[in-house]
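The structure appears right after this line, and notes come after that.
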DNA sequence: CGTTCGATTGAGGAAGATCAATTAATGTGG
DNA sequence: CCACATTAATTGATCTTCCTCAATCGAACG
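Residue numbers (the working numbering), protein chains in the order written: chain L, 23 to 282; chain C, 23 to 282.
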C-alpha cells in the first residue's frame with residue numbers, strides 16, 4: 023500500500039501542477055495547438071452540423087433533451103444556471119475549442135442555458151455518433167475525456183477564487199483568465215473586449231455590479247488596465263502577469279516578503 | 023443538485039435532434055440503485071485493487087502522476103485544492119459510489135488532494151484498463167461519462183450556492199446536501215455525523231468558522247436541527263425538507279410573490 | 001434627438017470577518 | 001481512570017468589506 027505518495031523532489035508536494043494553463047507539464051504541445059488539433063480531429067472524423075450564432079442566441083437551454091455535444095469553433099458562450107426559485111448564476115465561460123453540453127449526459131437534459139455572447143459558430147455533434155466513433159478513434163475518446171477533466175478542474179478553481187479572493191482580486195483574476203483564454207486562442211491579450219456587462223461579471227464572481235465597477239476603476243488607477251476611447255467594454259491590459267501579481271498583493275496585505 | 027432547471031416543456035424551434043431516448047427504466051431507478059449498479063458493474067468487469075483508508079489518509083495528492091481513477095466503496099472523502107500561494111479550498115465532497123480522480127486525466131497529474139474523512143474503502147482502477155474495457159462494455163462508458171457529467175453539473179451548483187445564498191442558507195443547504203447524499207446511500211438522514219470541523223465546512227462554503235457556528239446555532243434555535251448529547255458533530259435533522267424550505271425563506275425576506 | 005440601458009461614484013447600512021474570551025470535547029501520559 | 005494539554009466550538013464586541021440606495025453621466029439606438 024502506497025499510503026503517502028512519493029512526491030518527486032519538489033520544494034512543495036503540490037507545486038508542479040499547472041492547474042490552469044501553464045505551458046509545462048508532460049504535454050509539450052501548446053494550448054493553442056491542442057485546440058487546433060481538437061477541431062481538426064472532430065472535423066475529420068465526425069459528421070457534424072454547423073450553426074452560426076449571434077450575441078444572445080441560445081445554443082441550448084436548460085431542460086432541453088440532451089442529444090448533442092457542441093464544439094465551439096468561434097465566439098464566446100456563457101453558461102447560466104437557473105434555480106427553481108429564480109436565482110440566476112453564470113457558471114461558466116466558453117471559448118473556441120471548448121465543448122458544451124457535458125452536463126446533459128447524466129440526466130438526459132441540459133442543466134444550464136448556453137448563450138452566445140458574440141457572433142460565433144458551434145459544431146453540433148450527436149453524442150451517440152461520437153460514442154460510436156470512439157471505437158475506431160481512440161484519440162477522440164482521449165480528447166473528450168481531457169475536455170471533461172479540464173472542465174472539472176477549472177470549475178473547482180472558480181470555486182476557490184470565489185471563496186478565497188477579495189473583490190478586487192476576483193475581478194483582476196477574472197481579467198487575467200479572460201486575457202489568457204483569448205491569448206491561448208491566438209488573439210491579442212493587450213486589447214480585450216469584455217462580452218459581459220458589469221452585472222454579468224459580478225454575477226459570475228459573486229459580486230454586485232457596483233463592486234465590479236469600483237474594482238475596475240481601482241485597477242485603472244493603478245495602471246493595470248486602461249479603458250480605451252471606444253467605450254468601457256474594451257480595455258487595454260499592458261501586462262497580464264501584473265494582474266496575477268496584483269491578486270497576490272491583495273492576499274498579502276501587510277507582509278509582502280519572501281515567496282516567488 | 024439544487025438547480026435542475028425548469029423548462030421541460032420548452033417548445034424550442036431549433037432542435038434538429040430528435041430526443042436520444044435512454045433505456046427505459048434508466049430514469050426511474052433510484053439514485054441508490056444506480057450506485058449499487060455502478061459498484062457491481064465495475065467489480066465484475068474490471069480488475070481492481072482495494073484499499074482501506076482511515077480518517078486523514080490521502081487517497082491521492084495534487085501533483086501526483088495520474089494513473090488511476092478511484093471508486094469510493096465506503097466512507098467519505100474531501101477534495102482539497104491548494105493554490106501556489108498557499109490558499110486551501112475544499113472543492114468537493116465524495117460519497118459511496120462516487121468516482122475520484124477525473125481531474126487528473128487532462129494534465130496527467132491530479133489537481134487536488136483527496137483525503138478520507140472517515141474509515142472507508144476505495145477501489146483503484148487503472149485508467150488505461152478502464153478505457154480498454156469500454157470496447158467490450160459500453161455500459162461502463164456510459165457509467166463513467168454520467169459520473170463526470172454529474173460532477174460537472176454539481177460543481178456548478180456549488181458555485182451557485184456560494185454566489186447567491188446568504189450564510190445561513192448556505193449552511194442549511196450544506197446540511198440538506200449532506201443528509202440527502204447519505205440518504206441516497208441508504209443511511210439514515212435524521213441523525214447525521216458531520217465529518218468536518220466548522221472550519222472545514224466554512225472553507226467549503228466560503229465562510230468563516232464562527233459564521234458556520236452561528237448559523238448552526240440559529241438552525242438549532244429554530245428546531246431545524248438539534249445537537250445530540252454525543253457532541254456537536256452529530257446532529258439530529260427531524261425534517262430534511264424543512265431545511266430546503268429554510269433556504270427559500272432566507273431568499274424571500276418579505277415579498278414572496280410574483281416573478282420578474 | 002430623446003429614450004434607454006449600462007457604468008460610475010458617493011453615502012449609508014448590513015452581512016459577515018476579525019478579535020477575544022469562555023466552554024466543551026478529545027487526547028495523552030501518569 | 002484522572003489530571004492535564006490540546007484542539008474544536010460557542011458567543012460577544014467591534015471592525016471591514018461589500019451591498020444597497022441614489023444620483024449622475026455616457027453610450028447605444030431607434
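Even for Gly, the Cβ is constructed at its ideal location relative to N, Cα and C.
Computed from a predicted structure; not experimentally measured.
* C-beta neighbour in chain L for residue 140/C, strict 9 Å -> Walking along the second chain from the start, residue 140/C turns up at place 118. So, not an interface residue.
* To do: Rounded to whole angstroms, what's the CA-CA distance from residue 112/L to residue 248/L? Just pull it up for me.
  => Against the first chain, residue 112/L aligns to sequence position 90. Against the first chain, residue 248/L aligns to sequence position 226. About 25 Å.
* Asked: So residue 223/L is in the alpha helix (DSSP H); what residue range does that whole segment cover?
  -> Along the first chain, read from residue 1 onward, the residue named residue 223/L stands at position 201. It spans 220-227 - the alpha helix (DSSP H) in which residue 223/L sits, taken as one unbroken run.
* Asked: Is the shortest distance between the beta-carbon of residue 103/L and the beta-carbons of chain C less than 9 Å?
  -> Numbered from 1 along the first chain, position 81 holds the residue referred to as residue 103/L. So, interface residue.
* Can you tell me whether DSSP reads residue 248/L as helix, strand or coil? -> By one-based count along the first chain, residue 248/L stands at place 226. Strand.
* Note down, in chain order, all residues in the segment 131-163 of chain L with a beta-carbon under 9 Å from any beta-carbon belonging to chain C. => 131, 132, 133, 134, 135, 146, 148, 149, 150, 153, 156, 157, 160 and 163
* Asked: Is it true that the CB of residue 178/C sits closer than 9 Å to the CB of residue 227/C?
  -> To locate residue 227/C, count along the second chain from 1; it is residue 205. To locate residue 178/C, count along the second chain from 1; it is residue 156. Taking 9 Å as the Cβ cut-off, residue 227/C and residue 178/C do not qualify as a contacting pair.
* Asked: Which residues bound the beta strand (DSSP E) around residue 216/C?
  -> Position 194 of the second chain holds residue 216/C. Note, residue 216/C: premise wrong, no beta strand (DSSP E); not H, not E.
* Pick from 95/C, 217/C, 171/C and 122/C that is closest to residue 254/C, judged by C-alpha positions -> The residue you call residue 254/C lines up with position 232 of the second chain. Of 95/C, 217/C, 171/C and 122/C, the residue nearest in Cα terms is 217/C.
* Asked: What residues in its chain sit with their C-beta under 7 Å from that of residue 146/C, if we drop five residues either side in the sequence?
  -> On the second chain, residue 146/C is found 124 positions in, with the first residue counted as 1. Only 70, 71, 73, 90 and 92 meet the Cβ criterion.
* Asked: By how many angstroms is the C-alpha of residue 143/C removed from the C-alpha of residue 140/L?
  -> Mapped onto the first chain, residue 140/L falls at position 118. Mapped onto the second chain, residue 143/C falls at position 121. Going from the Cα of residue 140/L to the Cα of residue 143/C covers about 48 Å.
* **Cβ shell of residue 77/L (< 7 Å), same chain only, five flanking positions each side left out** => Translated into positions along the first chain, residue 77/L becomes position 55. Excluding positions up to five away in sequence, the list reads 138, 139, 140 and 141.
* To do: Report the residue ranges of all alpha helix (DSSP H) runs contained in full by the segment 84-159 of chain L; include only those spanning at least 4 residues, in chain order.
  => Correct list: 149-156.
* Listed by chain order, chain L residues near residue 258/C by CB distance under 7 Å -> Sequence index remark: in the second chain, residue 258/C carries index 236 (1-based). Within 7 Å Cβ-Cβ: nothing; residue 258/C doesn't reach chain L, min ~27 Å.
* Asked: Using a Cβ-Cβ distance under 9 Å, would residue 107/L count as near chain C?
  -> In the first chain, counting from the first residue as 1, residue 107/L sits at position 85. Yes, contact with chain C.
* To do: Anything in chain L within Cβ reach of residue 111/C, meaning under 7 Å, just list it in chain order.
  => Locating residue 111/C in the second chain gives position 89, counting from the first residue. In chain order: 181, 182, 185 and 186.
* Nearest candidate by alpha-carbon position, reference residue 131/L, set 175/C, 180/C and 220/C -> Residue numbering aside, residue 131/L sits at position 109 when the first chain is read from its first letter. Ranking the options by Cα distance to residue 131/L, first place goes to 175/C.
* Do residue 127/L and residue 197/L come within 9 Å of each other at the CB atom, strictly closer than that value? -> Numbered from its first residue, the first chain carries residue 197/L at position 175. Numbered from its first residue, the first chain carries residue 127/L at position 105. Between residue 197/L and residue 127/L, the C-beta gap is not smaller than 9 Å, which leaves the two residues out of contact.
* Should residue 173/C go down as buried or exposed, given a rule of 16 or more other Cβ atoms within 10 Å for buried? -> By 1-based counting over the second chain, the position of residue 173/C is 151. So residue 173/C ends up on the buried side.
* Asked: From this set, 114/C, 272/C, 171/C and 109/C, which residue's C-alpha is nearest residue 274/L's C-alpha?
  -> Counted from its first residue, the first chain places residue 274/L at position 252. Considering only alpha carbons, the answer is 109/C.
* **Nonlocal neighbours in the same chain, by C-beta distance under 7 Å from residue 96/C, ignoring five residues either side** => Residue mapping note: residue 96/C aligns to position 74 of the second chain, counting from 1. For residue 96/C, where only same-chain residues beyond five positions count, the Cβ hits under 7 Å are 118, 142 and 143.
* Straight-line Cα distance separating residue 168/C from residue 100/C -> On the second chain, position 78 is the one that residue 100/C refers to. On the second chain, position 146 is the one that residue 168/C refers to. Residue 100/C and residue 168/C have their C-alpha atoms some 20 Å from each other.
* To do: Report buried or exposed for residue 52/L, applying the criterion of at least 16 other Cβ atoms within 10 angstroms of its Cβ.
  => Taking the first chain and counting its residues from 1, one reaches residue 52/L at position 30. If you draw a 10 Å sphere on the C-beta of residue 52/L, you find fewer than 16 other C-beta atoms in it, and that means exposed.
* Asked: Given residue 44/L, which residues of its chain have a CB within under 7 Å of its CB, disregarding the five upstream and five downstream residues?
  -> By 1-based counting over the first chain, the position of residue 44/L is 22. Annotation note: pLDDT 40 at residue 44/L (below 50); position unreliable, no value reported.
* Asked: Would a check of beta-carbon distances place residue 212/C closer than 9 Å to chain L?
  -> Residue mapping note: residue 212/C aligns to position 190 of the second chain, counting from 1. Output row for residue 212/C: interface = no.
* First through last residue of the beta strand (DSSP E) which encompasses residue 261/L -> Numbered from 1 along the first chain, position 239 holds the residue referred to as residue 261/L. Note, residue 261/L: premise wrong, no beta strand (DSSP E); not H, not E.
* Interface partners of residue 59/L on chain C, CB under 7 Å -> To locate residue 59/L, count along the first chain from 1; it is residue 37. Residues of chain C passing the Cβ test: none, with the nearest at roughly 14 Å.
* Between 186/L, 84/L, 250/L and 133/L, which lies nearest to residue 171/C when the distance is taken from Cα to Cα? -> Counting from one through the second chain, the residue named residue 171/C turns up at place 149. Sorting 186/L, 84/L, 250/L and 133/L by C-alpha distance to the C-alpha of residue 171/C places 133/L at the top.
* **Residue closest to residue 219/C, alpha-carbon to alpha-carbon, out of 213/C, 85/C, 231/C and 266/C** => The residue labelled residue 219/C in the question sits at position 197 within the second chain. Considering only alpha carbons, the answer is 231/C.
* **Test: residue 118/L CB closer than 9 Å to a CB of chain C** => Counting from one through the first chain, the residue named residue 118/L turns up at place 96. No - not a single Cβ of chain C is within 9 Å of the one on residue 118/L.
* **9 Å Cβ cutoff met for residue 63/L and residue 159/L** => Against the first chain, residue 63/L aligns to sequence position 41. Against the first chain, residue 159/L aligns to sequence position 137. Their beta carbons are under 9 Å apart, which means residue 63/L touches residue 159/L by this criterion.
* To do: With a cut-off of 8 Å on the beta carbons, I'd call residue 136/L and residue 81/L a contact; round off their distance for me.
  => Here residue 136/L refers to the residue found at position 114 of the first chain. Here residue 81/L refers to the residue found at position 59 of the first chain. The Cβ separation is near 4 Å, so the contact holds.
* To do: Spell out whether any CB of chain C is found under 9 Å from the CB atom of residue 273/L.
  => Here residue 273/L refers to the residue found at position 251 of the first chain. Yes, because at least one Cβ of chain C sits closer than 9 Å to the Cβ of residue 273/L.
* To do: Could you name the residues of chain C that residue 128/L contacts, counting a contact when the two beta carbons are closer than 7 Å?
  => Counted from its first residue, the first chain places residue 128/L at position 106. By Cβ distance, chain C contributes 168, 171, 172 and 175.
* Asked: So who's on the other strand from residue 72/L, going by DSSP bridges?
  -> The count along the first chain starts at 1 and reaches residue 72/L at position 50. According to DSSP, which records beta bridges pairwise, residue 72/L is partnered with 145/L.
* **Nearest-angstrom Cβ-Cβ length linking residue 184/C and residue 184/L, presumed shorter than 8 Å** => Working through the second chain from its first residue, we reach residue 184/C at position 162. Working through the first chain from its first residue, we reach residue 184/L at position 162. Between residue 184/L and residue 184/C the Cβ distance is about 5 Å, and since that is below 8 Å, they are a contact.
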